[in-house]
Structures are given as structure tokens and as C-alpha cells.
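**Q**
Protein chains: 4
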Amino acid sequence: MLELKNIAILGASGYTGAELVRLIATHPGLCIRALCANSRAGMAYADVFPHLRHLDLPNMITIEEVNFAGIDLCFCALPHATSQDIIPKLPTTLKIVDLSADFRLRDPKVYARWYGRVHSAVEMQGEAVYGLTEYYRTAIAGARLVAGTGCNAMAGLMPLLPLLQAGVIETDDIVIDLATGVSGAGRTAKQGMLHAEVSEGYRAYNVAAHRHLAEFDQEMSAIAGRAVKVTFVPHLLPQNRGILATCYVKGGAEAIHATLRAKYDDEPFVIVLPLGQAPATQHVRGSNFCHLGVVADRHPGRVMVFSALDNLTKGASGQAIQNANLMLGLPEAMGLNLAPLFP
Amino acid sequence: MLELKNIAILGASGYTGAELVRLIATHPGLCIRALCANSRAGMAYADVFPHLRHLDLPNMITIEEVNFAGIDLCFCALPHATSQDIIPKLPTTLKIVDLSADFRLRDPKVYARWYGRVHSAVEMQGEAVYGLTEYYRTAIAGARLVAGTGCNAMAGLMPLLPLLQAGVIETDDIVIDLATGVSGAGRTAKQGMLHAEVSEGYRAYNVAAHRHLAEFDQEMSAIAGRAVKVTFVPHLLPQNRGILATCYVKGGAEAIHATLRAKYDDEPFVIVLPLGQAPATQHVRGSNFCHLGVVADRHPGRVMVFSALDNLTKGASGQAIQNANLMLGLPEAMGLNLAPLFP
Amino acid sequence: MLELKNIAILGASGYTGAELVRLIATHPGLCIRALCANSRAGMAYADVFPHLRHLDLPNMITIEEVNFAGIDLCFCALPHATSQDIIPKLPTTLKIVDLSADFRLRDPKVYARWYGRVHSAVEMQGEAVYGLTEYYRTAIAGARLVAGTGCNAMAGLMPLLPLLQAGVIETDDIVIDLATGVSGAGRTAKQGMLHAEVSEGYRAYNVAAHRHLAEFDQEMSAIAGRAVKVTFVPHLLPQNRGILATCYVKGGAEAIHATLRAKYDDEPFVIVLPLGQAPATQHVRGSNFCHLGVVADRHPGRVMVFSALDNLTKGASGQAIQNANLMLGLPEAMGLNLAPLFP
Amino acid sequence: MLELKNIAILGASGYTGAELVRLIATHPGLCIRALCANSRAGMAYADVFPHLRHLDLPNMITIEEVNFAGIDLCFCALPHATSQDIIPKLPTTLKIVDLSADFRLRDPKVYARWYGRVHSAVEMQGEAVYGLTEYYRTAIAGARLVAGTGCNAMAGLMPLLPLLQAGVIETDDIVIDLATGVSGAGRTAKQGMLHAEVSEGYRAYNVAAHRHLAEFDQEMSAIAGRAVKVTFVPHLLPQNRGILATCYVKGGAEAIHATLRAKYDDEPFVIVLPLGQAPATQHVRGSNFCHLGVVADRHPGRVMVFSALDNLTKGASGQAIQNANLMLGLPEAMGLNLAPLFP
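Protein chains in written order, with this note's numbering: chain A, 756 to 1098; chain B, 756 to 1098; chain C, 756 to 1098; chain D, 756 to 1098.
Right, here's the structure in full:
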């Protein structure tokens, strides 16, 4: 009989918090002991997220009310900039998976430039391990604090890192054209995320200025051994979940495809489609899978590499649980084998 | 170690077939041995449904190619009118859950009237047990052939049957106003189901003439002990999954609410919301749950009773597995505890 | 050569404001002289609504900045409860079409009960003419202040008023089941109207308690000559525009259909479909048309009457222009003949 | 008093046919005399497209039944490959705007390569004028046969042609990443265009192999004076209308922006947004406008150029009417000033 690991979720009233609860609901090794959101303290979780009404969950409490003594691991799904204030105050023995952007960048100066503020927990920035499981598995298993990869960053890094590592693409001419669903913007009411504004429409946002560029720069440069600076344009899709990255690179399609297969064929959540096929976001919805595809352009030496994932699952909460499994000594894929929901 | 039960799926190329595969993918007691669809025979299932690409599944074959010797139970997700031709040819020892409309109506004359044709397997119509688990649990457990409840019928029967049984509503003035997502119409290409025709729009269809009326009549009259003929108007929603039934009845709200709670409080998949609350289809998406709500009208003695369920899950494939579990001696809820996907 | 009438729009930063501008853009008799929204004063209108960027429009100003001297008619698209504070301060010679709920109810006590506050301009409540053009045409033509009909109220009143007037339906057993798109909730950021909350979902709201009930009571009782209190359940659709009302009434289908045709056959914007057909919201999108349909139930003496309209057009801004045309002595249908946008 | 020009529409049962009727409904210079679709001959147009029910239109007839004697111009909205069979049989004096792909390519060999068949009306291929109004205005005004620009081609050519003409971008490294709504796929029932397949999803299609590449090659090479071969990846959006092209080019953002403004500032339907702003498809929906935007990348010398248009309007039927106006001696923008529908 498996001994359950005890979990707390800080920031449980947002979409990534709810996604954690959804996934843990059928995870055989984790048990939710505390659900926190200061603004909703005292409420039943079913009143915040009625779709989880069938679960037997503790009521919402404030962070101050949590008894961390019995908690094995804490998911921190707080907003950006809040995490860095809260996490240093948590017990130093507590394992933490942070889903915010606060601990993703190792260089405080880079953080300050992209986020426009001095980091309030600089001493922990160096300690945090970047949560890209397929690349930092060992470090994550031994980490106390793991910083979840950004959802868009995940979509770009998964197809491109192996290619940079293997040297099969040019490093100075990479375009990542990306489209994402709205749930990445969170549950806070914003005019631009109203159904009437988003549905039946498509537009670019934060063109060439999205903060996930900092993650691209950090990780791609590290793996390539030289500065890599991609061109990156995210777009907003009229759908809730799903990211598709269309990457325009220069290299050989067969070498690229072979490199991806060599890297990912043994990975539990990354699937490389047959050469010539492109993935679709509706085929990974609600799952922890990432589908990759490679298609040759009609120009010899130019190739499109695609990746599709669910921003709330592989791009946030599924990834977080994958890392938590490692940190807790559980099988990495435990509880994450849910099949995508289609249609 | 649980011994796996071997499953075949006939008609695996449609949405209910794919939903069966999705659910069985994480079901600890079932194993798919055969996937059939004559039109797709020879194909890999991933080429028919790429969202299930991560699963290790047999290739599609024809029904004729299935070796039923080792099959414990067969799901029949064939189109209406096809099932009645195929099922009589299957081994008589094979347990069958049929998801079509072919064996739902016990009276051949009623079938002929609603479906405009003489039933080709009249002898099996009487044998089939109607698959409304919460009402026919014992019979289902002992049945060889279970006929899945229609998705719209399920949405109307769940809230109304207990009220008719308890006699807490008038029987001659019941209105079921229902809205359903498009996946109930299946994967066959139809102009009326194109995205451009359905999205951003709402309309009634088959007004007062939908075939699920026959199921309403059969089941409501049986439980009430007198003829009950509801008024029923289905509408088509611009969404993929989900049915909401808004039932207008005459009775007392508190008695109605208490009756539903008494009937369903111990049921694993039916949740009665607090009096005064109404359910939402997005809160049951992808799950086997049915949410019921009761709200009093401003007119004393008039009440709205709501039910929300996912037409592909509780309305079709989840229900089918719930029944299969019973037929196979497995725990009824096994494999069906997936939490709804929201957003 | 037509002399243009000069128009001001108060509350131009919301959806009904933008819809007024869209319609006036191709209206040959109206010219926009002032666009007001205190929160956006100083902005170009294209920065508030980029889809109207091609128009030559004045910049946004505050209400205080408007020079009403040259204005022939003012559309007031301010939020509920704000209109009643602003309108009494406008010049007494100014013609006004108010799109808010503030002046729809003639009885201050009824207003206070439904809106939970004492009306701040009681003296003007009696003066205002209810903006249901097809019923108050003459009074509207001579009015100084017209109070636009609520969008849901419009959808219920159009099919039912003629039937109550002609006495062809029972008055004490009327159900209006209604579904509406999200744009009726306005452009203010609200969590419940986020794309992620609304899309792929359907639910009832304000069950049996929606404020448009007050309009139903007022207008139906007036035309029937006795108290009429309908049962009314509105639902929220995952689409931007469109209302479908499904009305369950008791009467004869042919008499009902004939009554509607007699009432509306000469109306420019109301179309009665052939008996047995039901309308669809996607077929009136973006237009000022209202489609009505009548279908007999299988129960003799029970009938479904449907109406479909665009909540922002016939339900708000198109209706407002129709009334403004009358008040300004222009042809009633001027500028309102835009065909629906489908798909 | 304007003398109305008489119009026939061949292929009136598809979306571009309906869009022509929608636009002509409020066009002051055109009158529809014949609506043809052999498969629907004899039907009322309202039974094919109920949203146009308010119009007084002729019934559908076969092409053979049309009396072309009184027709000034014929819109041919037939499927690809059908047009080339029909058009040669039409009276040689009839002006024709063809919306299919059949006459877009001037070189029969290029046609044969991209469309996989020998053109059946090679002699007319040379005669046809390519319908990109902003570039072929004079030739279109004098043409007998105009071949409508493909919707995706329009979205790519509008931003790029001026840049190639002015020589402000590199010609050998252009990426067009494009996303389009579903209505471009037409009204024919196809599984891949079902609501359940398209909604809540995003995927690339015809990667690097879309036939509109032939139009890009033809027109870009002609204007650049050398072979230009772009990289082009179209994606399918979960929305009905709208195309957004995100073009990745190499050049200076200010020079690019100035070039676009110089080219388009006097055009009635092309709007260049301020430098740094990107357009959105929801802001051109239902209109003949094309919005262009220019944003500099963080890499000096790399620039994103965006274009947004409605595939059914500027991308098909609006463009066709714009050309027809020229061919008939009417003001080019007549009937095309409808404002976009938002939300």
C-alpha cells in the first residue's frame, strides 16, 4: 500500500490551482491537505470551482493558517511577483514547486530587466532548478525548489533544445510563431479576455517583447554554448487550452526529425510524429503530452518544427506534478497518464 | 493483481468509440483487444484519432476479423439500425453493451413508430436491459445485452424519474427544454454540423418530434404507473460536449429537492446541488457526473429542475463502462472517477 | 439632399455604444457629433474600438464637454442607474433614446422592488415611452424620452404580446425559456464572462429572478387587460450575439401562427416563419430582424413559439435607431436594412 | 436616379455566394436577377440561406435556365475546376468576376503543376486579369474576365507586394505564417470542418504545399522583377471568418511602415496601423477592410508585418464586388462601406 504524500496548494483559486486539484484527484500517491487563497479563505472549494464538487477537499484557508508540519510538498500557484515574497517565508525543509515566473531566471539582472523590478528573494534564485523535466531530471529530483517552465517557453524549448544541442540548425535565424489559448492569462477578470473580445478572433500580442523570451534566451544559450536569441511572436487563440508553436528553422528535415526522435523516444510525455506530419492542440487537450512534428519547406534547408501542448497541463500543472513526483521519489509519470479529451 | 477483462469495440471510429478508448485507457480492469470499423480496417487507431496516439492499441480491423473467443465484453458503438443487424450474429455467450438506439425500446411497435422501420432483431428487444444504471442496476449486472440510454433521454430521466416515482410533481404538465452540444450528432460529415453553421448560433431542432421522446414515454410511464407524455424541445449548442435539461414542473421545490437527494445521495455519479442552485455543462465536461439543481419559480407550485451531463460520457461511453463494470463483476465506478475538465 | 440629424452618444465605450456607431456609419440620415465616456475622454475612438478605425469620428469627450446646442438627438448607452442621474441634467429640448433599464418601468414602486433602489428621476419615469416600436410607434414618434426595451424582454414580448392581445393562449401558464449570448453583459471585465468561463458551456442564470420579468409583467398585463406573470429562465450561451426565446404556451398552433402573421406581416423587421419552422440566432446576427416561429407540440393544445434576435441590434442599438428615426421624422427603417452576417 | 446593373450569381449556394447576396442587398447600384446552383434549382433562396429571408430574391435556377440577355455582370462562385468548364460557355459579351482559383495563374504549366490537371480553358487564362484591385485597377476596369485573388494570397500579398516593389526587404528569406477561419473551406460537408473537430483547436494544414503559393510566386516575382519564393504555413483557426498573416521579413521597420503608408494611404479599404501596432481579425469581420501592422523585432533588421482581413469579404466576395464596380463603371467602393461587426 502506497503511503500518500501530503500536498498543499497556495493560490488554489486560479486555473493552474484547479488544474492541480483535477490531476491530483486521480493521482494515487498524492493527497491534498491544504488549499489556500487568501481572497477566498473560508469558502468551500466547490464554491470556487464547481466542477470539482465531487471531491472531498478541505475548505480554503489563508497561507498563515496552513500547518506545514505534515506537508511533504507545496505547489505555489500564486501570481508572478507574489511567489518571491511568500516562498522565503515557508519552512526551509518544505519541498516547493513554484508555477510562477519568479524563480525561472537564474540571473537577477536578467530578471530585473524583463520583469521591471528587483527580485525580492535573490538568494533563492540561484537555488531554484528550472522545471523542464526532460532536461533537468536529476537536479529536479534533488531540488528543494523547482521553478516551473513558462507555458509558451515549454512549447518553444521542447522542439528546439535538442536541435541546438545537436547543432543541426542555424542558431541565429530561428522564428517561433506561437498561438495560445486564453487560460494562460488566468482567471482574473480582464476586458481583453472576455468571451466577446476573444471569440471569433485572432491577434498577436506582446510582439517580440514577451517575457518568455528571457527563458528562451537562458535555456537555448546554455544548451547551444553560445548566445541564441530567437524571434518570437505569440498570438491569442479563441479557445481555452492549447499552445501550438510553429518554429521556422534552417537545417535538414531528416536530421532534425532524427534528432528529436533520439532525444524523446524514451520520454513518457513527448511524442514525435512521423516526418511530414504536424500536430494539433485539440489532440493534447487536458493531457500532459507534447506532440512534435517536422515538415520540410519547399526551400531546401528550411524546415518547420511544430509543438503542441496544453498550457495548463504540460505547460503548468501537469509539468508541476511530473516534477513533484521526482522530488518525492514517486514514479515520474504517476497520475499523469490521462488521455486527451477530444472532441 | 487484478485480472484484466478483454474488451472489443465495434464502431470504434466514431466519437463514442473514441470516448470508450479514452476512458478505458486509465481503467485498471479493462484491456482493449479489438477495435473495429469496417471503413477504417487496416488503419492504425492513431491515424483515426491522433489524440490517442500515446496508447498501445491494436490496429483497426473488420468485425469479421475479430476473434471473439477471448473477449469478455463487447461495446457496440455502431450507428442506429446497424446494431440490430450485427448483434444477433455475435456469439451468444458474449456480453454486449450497445450504445445505439436499437435496443432501448421494449415494444417493437413503439420502435417501428418512432424509427420508421421494422426492427430486424425483435427477439432480442425484450432481452435487452435499459442501461439507466441508477434504476436497473441489478438487472444490468445480470444482463447479457444492455442498451445504452440516449444522451438526451439520460438528461431528462435523471431529474424526473424520482419525482414521478415519489409522486411529487404533476404528471401531465412537464416541459423538458434541453440544449446539447454537437458531438452527439457524431463524426459523420453533415453540413448542419460544420463549424461555420453551428458556432455563434443556437436553434431548436426536431421540435416535439425527437426520438428520445420514446424513451421518455417508456421510462416515465413505467415508473409513474400511468401514461406520462412530456413536452420536449431539444436545441443545438455551439459547443462540443454537454447537455443541460431545464425541466419545468409543478410541485413543491423543497419536496422535489428532498426527493432527489434521497434518491441520489448515495449514487457515485449523481450530485444534487443545494436548493436554489443550477448546474452548468462546463462543470461536468469529460466526466461521468450528472449535476442536478432545483430552483423554485416565483409562482408557488412551479419549479425548475435542471440536469447537466456530458453527452459523450454519462450520456454514452461513461455510462456504457459503468454498466460494463456491473456486468463484469467489477466495482461499478471503476475507471470513471476522472474529474471534469475546466476550463 | 437629406439634411443630416446630429447625434450624440453618451456611454460610447460599451458594446451598445459601438453598435450604435456601427449602424450609424452607414445610416444616410444621421451624423455623429459627440462620443462621450468619461473614463475614456481624450482618446480616439479607434483606440477604444479598433474595428471602427475606418470612420472619421470625433474623439471621446466627457458629458460635460458636449455642446448640446447643435444636437438633435442623444443616445444614452450608460449603465443602469447612471442614466437616471444624467438624463435629468440634459437640455429639456433634447430628444433622448435611453438604452438602459432606468426608464422602462412606469411604476416607481415596481422599479424600486426590482432594482433595489429608489429611482432618482421619478418625475421622468412617467414621461418616458417604452421603446417597443411595433406597439408604441405613435407615442414614440412624439416622445422626448424613449426607454429602450430590454433585450431579453424584447425576445419574449415579440412573440407573446399579439397572442395575449388576441386571447389565443392561456394567460396563466406561460413559460419563457431563453438563451442569450454574452455581449448583453457588457464590456466591463467580469470573471463570469471570461472566454474560459463561458465557452464550451451552458447554464441558467438569474433563474426566475431576472429583472426583465418586470418588463414582461408590465407589458403583458397591459395588453392582456389582466395580470400576466410568466415563468422565465434565461441561460447564457457560449456565443457573442443572439437571443433565442422558446415559449411554451397553451393554445392552437394555427390560431397562434395566424395571429402572429396578422400582427407582423407588414412590419419591416419582424418575420414570421412558415408554421412548423423554428428560427436560429445565427440567421439574425448583426441585423435588426426578429424571426418568429410556431411549432405544435404532440400534445393537442400545446404550442412552442420561438423568437430569435440579435441582442445588440434589435435588442438594443438597432431598436434605438428605429425609435430615433421615428422621433426625428425619418423613415423608420432608415439605415437598418443591413443583412445578417452568416456564417 | 442610378440605373441598376443586373447581376447573376452562379454557385449561389455556397458561402461566397451568400456573401455576395448579403453585400448586394445594400448595394445601391446592383440588382440580383438570377441565382444559380444546379443542385438547389427550384428552391427558394431563403430555404438555402435563412439569414437572407428578408430579401426579395429570385428562386434558385440552373445555369442553363439563366437568360443572360439582360445580365450586365456575372459572379461565378463555383468550385475550383468547375469554373473553367462553365465560363467558356457563357456569352462572350458578359462581364465575369470569377471567385474560383481557375483563372488566377497566367501560365498553364504552373496551373497544371499546382492543380494537378490540364486547364480546360487555356485560351482564357491569358485574358483573365488578376483581381488584386489595388494593383490591377486599370486593367480590371477594362477587363471582361477577372479572376478573384485567393483569400490567403490576398492576406500575404497586401503587406508584402509594396515592400518587394520598393526593395525594402530581402527577397529570399520571407516567412508567411498565416491563420484562417473555417469558412474558406466552403459549405460542403467535410469531417475535418465539423464543429467538434475544429473548435477548441489549432493546427497547421497543407504545410509548405498550399496552392496559394502559386499566387504568391506569380505576383511577388512579377513585382520584384526576380524570382521570389516565400515560405508559407497556413493554420486553421476555431472561428468562422478572418485571416491573420504574420510575415517575418528582413529590413527596417520604419522604411517598411513608410512604404506601406505611401502605397495604401489613399486606398479606401486598406488601413496601415501606427508603427508598433498589430491588427486583429475580429476588427475586420464582415467588412471589406484590410488592416496592416508593422512591429520591429528585437533583432535589428528583422520585422514582423501583419495583415488582417475577412476571407469571405475582402478575401472573396467583397473583393469581387469591388472589381465588379470598376468593370461596370460604378464608384469602386460602392456598397462596400459596411462597418465590421464586433463583437
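Beta carbons: idealized from backbone N, C-alpha and C, even for Gly.
In the DSSP assignment, find the beta strand (DSSP E) that holds residue 1014 of chain D and state where it starts and stops.
**A** From DSSP, residue 1014 of chain D is part of no beta strand (DSSP E) but of the alpha helix (DSSP H) over 1008-1019.
**Q** Any idea which residues DSSP pairs residue 1060 of chain B with across the strands?
**A** B/1002 and B/1049
**Q** Looking only at its own chain, which residues have a Cβ that is under 7 Å from the Cβ of residue 969 of chain C, when we skip the five neighbours before and after it?
**A** 860, 865 and 869
**Q** What residues are listed by DSSP as bridge partners for residue 990 of chain D?
**A** According to DSSP, which records beta bridges pairwise, residue 990 of chain D is partnered with D/934 and D/959.
**Q** Can you tell me whether residue 1004 of chain A is buried or exposed, with buried defined as 16 or more other CB within 10 angstroms of its CB?
**A** buried
**Q** In chain D, which residues lie less than 9 Å from residue 955 of chain C when you measure between Cβ atoms?
**A** 954 and 955
**Q** List, in order along the chain, the chain A residues whose C-beta lies closer than 7 Å to that of residue 1054 of chain D?
**A** 984 and 986
**Q** Can you tell me which of the three DSSP states residue 964 of chain D falls into?
**A** coil
**Q** Assess, as a yes-or-no matter, whether the segment 943-962 of chain D is touched by the segment 991-1007 of chain A under the definition of 3 or more beta carbon pairs within less than 8 Å.
**A** yes
**Q** Give the straight-line distance between the Cα atoms of residue 1088 of chain D and residue 1065 of chain C, rounded to the nearest whole angstrom.
**A** 27 Å
**Q** Rounded to the nearest angstrom, what separates residue 924 of chain C and residue 1058 of chain C at their Cα positions?
**A** 9 Å
**Q** Can residue 781 of chain A and residue 1071 of chain A be called in contact, C-beta distance under 7 Å?
**A** no
**Q** Measure how close the beta-carbons of residue 811 of chain A and residue 1001 of chain D come, nearest whole angstrom, since I'm counting them as under 8 Å.
**A** That pair is no contact at about 47 Å.
**Q** With a threshold of 7 Å between beta carbons, is residue 909 of chain D in contact with chain A?
**A** no
**Q** Determine, using beta carbons only, whether residue 945 of chain A comes closer than 7 Å to chain C.
**A** yes
**Q** How far does the alpha helix (DSSP H) with residue 826 of chain B in it extend, from its first residue to its last?
**A** Here residue 826 of chain B belongs to no alpha helix (DSSP H), and DSSP marks it neither H nor E.
**Q** Indicate, with yes or no, if the ligand HEM has a heavy atom lying under 6 Å from the CB of residue 984 of chain C.
**A** Within the structure as shown, the ligand HEM is missing, as the structure has no ligands at all.
**Q** Return the CA-CA distance between residue 986 of chain C and residue 1062 of chain B, expressed in angstroms with no decimal places.
**A** 18 Å
**Q** Identify the residues that DSSP records as bridge partners of residue 949 of chain B: which are they?
**A** D/949
**Q** What residues in its chain sit with their C-beta under 7 Å from that of residue 797 of chain B, if we drop five residues either side in the sequence?
**A** 814 and 815
**Q** Return no unless some Cβ of chain B is closer than 7 Å to the Cβ of residue 1003 of chain C.
**A** yes
**Q** Note down, in chain order, each residue of its chain lying with its Cβ closer than 7 Å to the Cβ of residue 769 of chain A, except the 5 sequence neighbours on either side.
**A** Counting only Cβ-Cβ distances below 7 Å, and skipping sequence neighbours, we find 832, 941 and 942.
**Q** Nearest by alpha-carbon distance to residue 820 of chain C: which of C/862, C/803, C/763 and C/903 is it?
**A** C/763
**Q** Would residue 1086 of chain C be called buried (16 or more neighbouring beta carbons within 10 Å of its own) or exposed?
**A** exposed
**Q** Counting along the chain, where does the beta strand (DSSP E) carrying residue 924 of chain C start and finish?
**A** Where residue 924 of chain C is concerned, there is no enclosing beta strand (DSSP E), given that its DSSP letter is neither H nor E.
**Q** Tell me, which residues are paired with residue 850 of chain B by DSSP?
**A** B/828
**Q** Using the Cβ count rule (16 or more neighbours within 10 Å means buried), how would you classify residue 1031 of chain B?
**A** Residue 1031 of chain B is exposed by the Cβ-count criterion.
**Q** In three-state terms, what does DSSP make of residue 865 of chain B?
**A** helix
**Q** Does any CB atom of chain C fall closer than 7 Å to the CB of residue 1041 of chain D?
**A** yes
**Q** Consult DSSP for residue 877 of chain A and reduce its assignment to one of helix, strand or coil.
**A** Helix.
**Q** With a threshold of 6 Å on Cβ separation, who are the neighbours of residue 1099 of chain D within its own chain once the five nearest residues in sequence on each side are excluded?
**A** Only positions 756 to 1098 of chain D appear in the structure, and residue 1099 of chain D is not among them; the question remains open.
**Q** Could you tell me the distance, in whole angstroms, from the CA atom of residue 791 of chain A to the CA atom of residue 818 of chain A?
**A** 6 Å
**Q** Since residue 942 of chain A meets chain C, which of its residues come closer than 9 Å, beta carbon to beta carbon?
**A** 946, 949, 951 and 952
**Q** What number of angstroms, rounded off, separates the C-alpha of residue 1082 of chain C from the C-alpha of residue 1043 of chain B?
**A** Cα to Cα, residue 1082 of chain C sits roughly 56 Å from residue 1043 of chain B.
**Q** What is the C-beta distance between residue 1025 of chain C and residue 879 of chain C, in whole angstroms, given that I count them as a contact (C-beta under 8 Å)?
**A** Residue 1025 of chain C to residue 879 of chain C, Cβ: 29 Å. No contact.
**Q** Could you please tell me which residues of the segment 1058-1084 of chain C, in chain order, have their CB closer than 7 Å to any CB of chain B?
**A** 1059 and 1061
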